[in-house]
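As structure tokens, the structure follows; a few thoughts come after it.
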Amino acid sequence: LVYRKESDQVKFVVSNGMVHKVLHVYHDEFAHCGTEKTFQDVSANYWFPSMRSKIKSCIEDCLTCLMASVSSNWKEGELQTTPTAKNPFQIMHTDHFGPLPESREGNTSYSLLTHILIDQGLLDFSR
Numbered sequence: 001l002v003y004r005k006e007s008d009q010v011k012f013v014v015s016n017g018m019v020h021k022v023l024h025v026y027h028d029e030f031a032h033c034g035t036e037k038t039f040q041d042v043s044a045n046y047w048f049p050s051m052r053s054k055i056k057s058c059i060e061d062c063l064t065c066l067m068a069s070v071s072s073n074w075k076e077g078e079l080q081t082t083p084t085a086k087n088p089f090q091i092m093h094t095d096h097f098g099p100l101p102e103s104r105e106g107n108t109s110y111s112l113l114t115h116i117l118i119d120q121g122l123l124d125f126s127r
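So for the sequence shown, UniProt numbering puts the first residue at 1; every next one is plus one.
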């Protein structure tokens, strides 16, 4: 075990291979706190190079935090206006549906690609 002494405190030095596991415990399992709180909690007992930037990057990439921080102005499921297309394939929309009950071919989801001008869709089945 490698330790680092800072003022009157001794901190465990975390190897590069273990940084992700430490951040997982302190961020994912401890209520998905923000960068500063996670930094305070981790730095109380541990040290590793570029600690603050690695914690910030971990939190920015956290899907749970991203989903929870969606703007309150965004209303799920509301229809939006679409500009008028002048040429085929100028404006495209895509959607993905699934999981669905497995088909005979083993597909459990599908993707739909639509271009606006003639409103025809291209369906692609996925596994």
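Positions of the beta carbon are idealized from the N, C-alpha and C atoms, including for glycine.
Spatial distance of residue i from residue j (CA atoms)
i	j	result
residue 128	Thr38	Nothing can be reported for residue 128, as the shown portion of the chain is limited to 1 through 127.
Leu66	Asn87	36 angstroms
Thr35	Met92	38 angstroms
Ile59	Ser109	30 angstroms
Val19	Pro99	34 angstroms
Environment of residue i [buried if 16+ CB atoms lie within 10 Å]
i	result
Phe30	exposed
Tyr26	buried
Val13	exposed
Leu79	exposed
Leu23	buried
Asn54	For clarity, residue 54 is Lys in the given sequence; the question names Asn instead. Its Cβ being crowded by 16 or more others within 10 Å, Lys54 is buried.
Val2	exposed
Asp119	Here Asp119 scores only 49 on pLDDT, less than 50, and its place in the model should not be relied on; the value that follows carries that caveat. Flag for Asp119 reads exposed.
Expected contact under 8 angstroms - CB spacing of residue i and residue j to nearest Å
i	j	result
Lys5	Asn45	Contact flag wrong, Cβ pair sits at about 13 angstroms.
His115	Phe89	5 angstroms
Sequence-distant residues of its chain with Cβ nearer than 6 angstroms to residue i (five each side left out)
i	result
Asp95	Leu112
Arg52	Phe39
Own chain residues within Cβ distance below 7 angstroms of residue i, not counting five before or after
i	result
Ser50	none
Ser43	Met51
Cβ neighbours of residue i in the same chain (closer than 8 angstroms, five flanking residues each side left out)
i	result
Cys62	His27, Asp28, His32
Lys56	Thr35
residue 137	Beyond the ends of the chain as shown, which are 1 and 127, falls residue 137; an answer cannot be given.
Paired residues, beta bridge with residue i - DSSP
i	result
Thr38	Answer is none; Thr38 lacks a bridge partner.
Met92	His115
Glu6	Gln9
Phe48	Phe48 is not bridged to any residue.
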